[in-house]
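Quick notes on the structure that follows.
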Amino acid sequence: MRTHRTALFNCSKCPEMIGPVVSGSPVLSKILLIGQAPGDKEGGFGKPFAWTAGKTMFKWFERIGIDEENFRQRVYMAAVCRCFPGKNPKGGDRVPSPDEIDNCAGWLQAEVDLLKPDLILPVGKLAIVQLMPVKKLDEVIGKLHPVTFHGHHTEAIPLPHPSGASTWHRKEPGITLLESALTILQQHPSWQQLCQDGISDVV
2 MRTHRTALFN CSKCPEMIGP VVSGSPVLSK ILLIGQAPGD KEGGFGKPFA WTAGKTMFKW
62 FERIGIDEEN FRQRVYMAAV CRCFPGKNPK GGDRVPSPDE IDNCAGWLQA EVDLLKPDLI
122 LPVGKLAIVQ LMPVKKLDEV IGKLHPVTFH GHHTEAIPLP HPSGASTWHR KEPGITLLES
182 ALTILQQHPS WQQLCQDGIS DVV
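Numbering (the numbering used here), first residue to last: 2 to 204.
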């Protein structure tokens, strides 16, 4: 894990991406959360989901048994891309290119190999499509999915992106499907273990 993290934080493969590299705590967790890409605030805070979207997401998790501090200490938080893509001239953040996603895929591969997660939480459509085909969020959120990700057989519970710019999770059927997803997550053995155990070993 130390070797992986050193290489990750020194990555400079994507010239249009804006550093620094952002990643969560180096915790040896059986749950892997995969976000989309850091926003413009995360680099300054040095951690993923550090701004408004994070506040919303951690409220979801607190409702089912774990607060932000303990979540960050017990769950490995990764992303499809680890640097800020920059702003889209038409508004919002730029969507990473296929090449940029491919460049970062090796870091996710290494983390899956290291952690062998029992549960993956892909947050937002860009993250979800790395694990399964998605036409509409309505078709995948609110369900437990068996997946094979980077050669590892595991389970995934997709979550919508908690961004304030997205209305999906704040109107139907998103409200109901998000509640279903959180209920499934709360009942998952890996989540129950997470809430019951002490803090996992941090390298």
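Just so it is clear, CB atoms sit at the ideal spot from N, CA and C, and this is done for glycine as well.
Everything numeric in this text was worked out from a predicted model, so none of it was measured.
Original post:
Which residues in the same chain have their Cβ closer than 7 Å to the Cβ of Ser-164, if we skip the five residues on either side of it in sequence?
Top reply: Taken in chain order, the residues that qualify are Ala-54.
Subject >> Whole runs of the beta strand (DSSP E) within the stretch 46–95, excluding any shorter than 3 residues >> reply: 77–80
Subject >> Unbroken alpha helix (DSSP H) run spanning Val-148, endpoints >> reply: Counting along the chain, Val-148 falls outside any alpha helix (DSSP H), though it belongs to the beta strand (DSSP E) covering 146–150.
Original post:
Ends of the alpha helix (DSSP H) at Ala-157?
Top reply: Segment 153–157 is the beta strand (DSSP E) holding Ala-157; no alpha helix (DSSP H) there.
**OP:** Would you mind reading off the limits of the alpha helix (DSSP H) that contains Ile-176?
**Re:** 175–188
Original post:
Within this structure, are the beta carbons of Asp-103 and Ile-32 separated by less than 9 Å?
Top reply: no
Subject >> Pro-123 in three-state terms, based on DSSP >> reply: Strand.
Subject >> Cutoff 8 Å; reference Thr-177; Cβ partners in own chain excluding five residues on either side >> reply: The answer, listed in chain order, is Gly-143.
Subject >> Helix, strand or coil at Ile-102 [DSSP, three-state] >> reply: Note: Ile-102 maps to helix in three-state DSSP.
Subject >> Reference Lys-14, options Val-28, Gly-107, Trp-169, Ser-181, closest by Cα >> reply: Gly-107
Subject >> Range covered by the alpha helix (DSSP H) that runs through Leu-9 >> reply: 3–10
Original post:
If we ignore side chains and look at the alpha-carbon of each, how far apart do Ile-158 and Lys-117 end up?
Top reply: 16 Å
Subject >> Span of the beta strand (DSSP E), counted from its first residue to its last, around Ile-142 >> reply: Looking at the DSSP string, Ile-142 is not in any beta strand (DSSP E), and its letter there is neither H nor E.
Subject >> Bounding residues of the beta strand (DSSP E) (the contiguous stretch that carries Leu-34) >> reply: 32–36
Subject >> Glu-156 versus Leu-145: straight-line alpha-carbon distance, rounded >> reply: Spanning the alpha carbons of Glu-156 and Leu-145 requires a straight line of approximately 7 Å.
Original post:
Does DSSP put Val-28 in a helix, in a strand, or in coil?
Top reply: strand
Original post:
Rounded to a whole number of angstroms, what is the C-alpha to C-alpha distance between Thr-7 and Asp-139?
Top reply: 38 Å
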